[in-house]
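J.: Numbering (the working numbering), first residue to last: 9 to 107.
In this text, a Cβ means the ideal position worked out from N, Cα and C, and glycines have one as well.
A quick note: this is a predicted structure, and the numbers were derived from the prediction, not measured.
So that we are looking at the same thing, I have put the structure below in structure tokens.
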């Protein structure tokens with residue numbers, strides 16, 4: 009299972025038309041619309057007859073969509089194989105905090 013979340017930029021007055029176009033794409037669900045900022049939050053989930061990549065490209069090609077930013081990605085195929093005890097990441101030392 010693969011799921012991604014996208015932040016889409018759309019002209020505010022075109023959000024309803026963009027929603028209609030996005031809802032025709034396999035695996036795409038619209039979760040939030042911000043008419044003031046011209047943003048939409050959508051998720052894309054894979055399916056038997058289509059790939060997430062194809063649906064992301066189709067969402068970006070909706071005429072009203074100005075840009076698409078990948079905000080989150082989950083790939084369930086590798087979730088069970090992850091063992092936090094095997095990570096080699098260590099906290100940074102000697103780094104000054106940004107304030």
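(1) What's the gap between the Cα of residue 53 and the Cα of residue 20?
(2) Please state whether DSSP places residue 31 in a helix, a strand or coil.
(3) What is the DSSP secondary structure of residue 75, counted as helix, strand or coil?
(4) Tell me where the alpha helix (DSSP H) around residue 66 begins and ends.
(5) Hey, residue 78 and residue 14 are a contact pair by Cβ (cut 8 Å); roughly how many whole angstroms apart?
T.: Inspection of the coordinates gives the following:
(1) By 1-based counting over the chain shown, the position of residue 53 is 45. By 1-based counting over the chain shown, the position of residue 20 is 12. Near 25 Å, if we compare the C-alpha coordinates of residue 20 and residue 53.
(2) Here the question's residue 31 lines up with position 23 in the chain shown. Coil at residue 31, not helix or strand.
(3) Sequence index remark: in the chain shown, residue 75 carries index 67 (1-based). The three-state secondary structure of residue 75, taken from DSSP, is strand.
(4) Locating residue 66 in the chain shown gives position 58, counting from the first residue. The continuous alpha helix (DSSP H) containing residue 66 extends over residues 60–68.
(5) As a first step, residue 78 must be located in the chain shown, where it is residue number 70. As a first step, residue 14 must be located in the chain shown, where it is residue number 6. With 8 Å as the limit, residue 78 and residue 14 qualify as a contact, their Cβ atoms being about 6 Å apart.
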